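Each position in the sequence shown, counted from 1, maps to that position plus 128 in this note's numbering. Just so you know, even glycine gets a beta-carbon here, dropped at the ideal spot from N, CA and C. As the structure is a prediction and not an experimental result, all values here were calculated from the model. Quick notes on the structure that follows.
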Amino acid sequence: MRLKSTSLNSNRALAAILCVYIALALAYSFADRLKYGPDEPAHFIYIRSLATGFTPPPIANTETHSEASTSSHEGHQPPLYYALMAVPFAVLKAIGTESDTIWRILRLLNIAFGAVWIYFVYRLSLAYFKESNEQSVKHSLATTAFVALIPTSSYMAGVVNNDILIAMLFTWALIPILALFKTGNMSIRSAAFAGLLIGLAILAKAQGLLLIPMLLLAGFLSCRRAKYVNAAALARSIVTALAVIVITSGWWFARCMAIYGTVMPHSLVNPVLNGSMLTLIFFPLEAVRMIWAMTQSFFSYFWLPYWLVKDRLPYQPYATTLSILGAVLFVGLVMRLKRNGDADRRSLCFMMLAPVAVFASWVRYVLVVDCGANLQGRLLLPVAAVIGIATLIGFDGWFRNSKAGKTCLIAVGVIMICANIFVLWSTLVLRMA
Numbered sequence: 129m130r131l132k133s134t135s136l137n138s139n140r141a142l143a144a145i146l147c148v149y150i151a152l153a154l155a156y157s158f159a160d161r162l163k164y165g166p167d168e169p170a171h172f173i174y175i176r177s178l179a180t181g182f183t184p185p186p187i188a189n190t191e192t193h194s195e196a197s198t199s200s201h202e203g204h205q206p207p208l209y210y211a212l213m214a215v216p217f218a219v220l221k222a223i224g225t226e227s228d229t230i231w232r233i234l235r236l237l238n239i240a241f242g243a244v245w246i247y248f249v250y251r252l253s254l255a256y257f258k259e260s261n262e263q264s265v266k267h268s269l270a271t272t273a274f275v276a277l278i279p280t281s282s283y284m285a286g287v288v289n290n291d292i293l294i295a296m297l298f299t300w301a302l303i304p305i306l307a308l309f310k311t312g313n314m315s316i317r318s319a320a321f322a323g324l325l326i327g328l329a330i331l332a333k334a335q336g337l338l339l340i341p342m343l344l345l346a347g348f349l350s351c352r353r354a355k356y357v358n359a360a361a362l363a364r365s366i367v368t369a370l371a372v373i374v375i376t377s378g379w380w381f382a383r384c385m386a387i388y389g390t391v392m393p394h395s396l397v398n399p400v401l402n403g404s405m406l407t408l409i410f411f412p413l414e415a416v417r418m419i420w421a422m423t424q425s426f427f428s429y430f431w432l433p434y435w436l437v438k439d440r441l442p443y444q445p446y447a448t449t450l451s452i453l454g455a456v457l458f459v460g461l462v463m464r465l466k467r468n469g470d471a472d473r474r475s476l477c478f479m480m481l482a483p484v485a486v487f488a489s490w491v492r493y494v495l496v497v498d499c500g501a502n503l504q505g506r507l508l509l510p511v512a513a514v515i516g517i518a519t520l521i522g523f524d525g526w527f528r529n530s531k532a533g534k535t536c537l538i539a540v541g542v543i544m545i546c547a548n549i550f551v552l553w554s555t556l557v558l559r560m561a
């Protein structure tokens, strides 16, 4: 009876979190001016091109600020998100719906991806914490609420973009990868499904490629932990997953090679460095300062859609506060993991490789491809669940008393709700200006 009551309460709590997230995304969707979301015209052009011409648009080498263009600087992106959105676009266009109305409806449809993503944040949290443990269910709900209340997460769900779809698929794919790491087992059927998720994630955004080394590393480490007893069976499963990945997404890279002469074409090329990243070796202090400044900017734009509040929130105090909070949480995380063994240190360290990989790939992209990506904190959304888990454990590390920890988490939740209200107010002010 107690387990049923716990399950019922957790389902209600999850439903409440989803409702709050959807409400915030709806508020952002209507508060933000149509066509003013990040790269929104470029995404819209891609959708329109697939819906009307059944082909991705030509790649523009300058930013596309108007839907009047036929080319798009998002034209290099994999097509899954745009293909999914092209279906309602085509239907609405066929019945004579105006372009702005179609745009508004596409924004609303994107919120559905966001809601599913938040659900999989909860599932991944349960996969990390022990699912049968009542306290772990509460931790999973707290992690889910934390991610749902990050202003950038609900804002991005309310505008037209492919970041929410990759966040959903990336988070979902991490669940079987984590299960493989924990158990050391993966059936052929599970491997094929994991491969499908990874392949779809890659077709949503190239970030999905980072899931392949995560899968391989999970297989290797779990096999090594078992002293290679199940090596043959695990190898068959991994090969199955890789085959499904190639079948699902390989055609896109073959197409890019045939058309552009490279498997990963770029639209905007404006690197920080004129040469190779190896040049940083000769200027270590300057490299550290530059990467630190980039990192502050990256995380500042992850927590808030800062361009909406920059006139009311000074950047340096905001970025410095985030840096201090990050350091405090890191110390709390270390203390919590050292204090006792009920936190799964090994699994957490493995999962943290995902945000590290996202960060490393972002640094490389900014330095050698496009410095404009410096402000794309939304690239962390696919690993927001892992960041949320680490943040929760970091908070827990500072409080031996569970009541004090609970009070602190409630206070954090209130602050995050206030942050959303502040961003919404700033967005409305911009709209009326």
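For residue i, name the three-state secondary structure that DSSP assigns.
| i | result |
| --- | --- |
| residue 278 | coil |
| residue 291 | helix |
| residue 130 | Reliability of the predicted coordinates at residue 130 is poor, the pLDDT of 49 falling under 50, and the value obtained from them is presented with this limitation in mind. Correct three-state label for residue 130: helix. |
| residue 472 | coil |
| residue 210 | helix |
| residue 266 | helix |
| residue 315 | coil |
| residue 559 | helix |
| residue 487 | helix |
| residue 193 | coil |
| residue 140 | helix |
| residue 552 | helix |
| residue 167 | coil |
| residue 223 | coil |
| residue 403 | coil |
| residue 356 | coil |
| residue 433 | coil |
| residue 333 | coil |
| residue 442 | coil |
| residue 162 | coil |
| residue 526 | coil |
| residue 286 | coil |
| residue 392 | coil |
| residue 342 | helix |
| residue 571 | Nothing about residue 571 can be reported from this structure: the residues present for the chain run from 129 to 561 only. |
| residue 298 | helix |
According to DSSP, which residues form a beta bridge with residue i?
| i | result |
| --- | --- |
| residue 187 | 200 |
| residue 498 | 398 |
Is the beta carbon of residue i sitting closer than 8 Å to the one on residue j?
| i | j | result |
| --- | --- | --- |
| residue 153 | residue 242 | yes |
| residue 396 | residue 201 | yes |
| residue 261 | residue 312 | no |
| residue 457 | residue 523 | yes |
| residue 558 | residue 436 | yes |
| residue 246 | residue 213 | no |
| residue 376 | residue 384 | no |
| residue 461 | residue 539 | no |
| residue 206 | residue 334 | yes |
| residue 291 | residue 146 | no |
| residue 171 | residue 288 | yes |
| residue 294 | residue 329 | yes |
| residue 514 | residue 547 | no |
| residue 190 | residue 173 | no |
| residue 467 | residue 521 | no |
| residue 496 | residue 401 | yes |
So, is residue i buried or exposed, given that buried needs 16 or more other C-beta atoms within 10 angstroms?
| i | result |
| --- | --- |
| residue 181 | exposed |
| residue 535 | exposed |
| residue 226 | exposed |
| residue 130 | Residue confidence is low: residue 130 scores 49 on pLDDT, short of 50, so the model does not pin down where it sits. Its coordinate-derived value is still stated next. Flag for residue 130 reads exposed. |
| residue 505 | buried |
| residue 439 | exposed |
| residue 403 | exposed |
| residue 380 | buried |
| residue 412 | exposed |
| residue 223 | exposed |
| residue 305 | buried |
| residue 300 | buried |
| residue 406 | exposed |
| residue 272 | buried |
| residue 500 | exposed |
| residue 554 | buried |
| residue 443 | exposed |
Mind reading off the beta-carbon distance from residue i to residue j? Whole number of angstroms is fine, and I expect it under 8 Å.
| i | j | result |
| --- | --- | --- |
| residue 516 | residue 274 | 5 Å |
| residue 537 | residue 270 | 6 Å |
| residue 336 | residue 297 | 7 Å |
| residue 344 | residue 316 | Between residue 316 and residue 344 the Cβ distance is about 17 Å, and since that is not below 8 Å, they are no contact. |
| residue 326 | residue 255 | Going by Cβ atoms, the distance from residue 326 to residue 255 rounds to 16 Å, so no, they are not a contact pair. |
Comparing the CB of residue i with every heavy atom of the ligand GTP, is any distance shorter than 7 Å?
| i | result |
| --- | --- |
| residue 388 | In terms of ligand content, the structure shown is empty, and the ligand GTP therefore cannot be addressed. |
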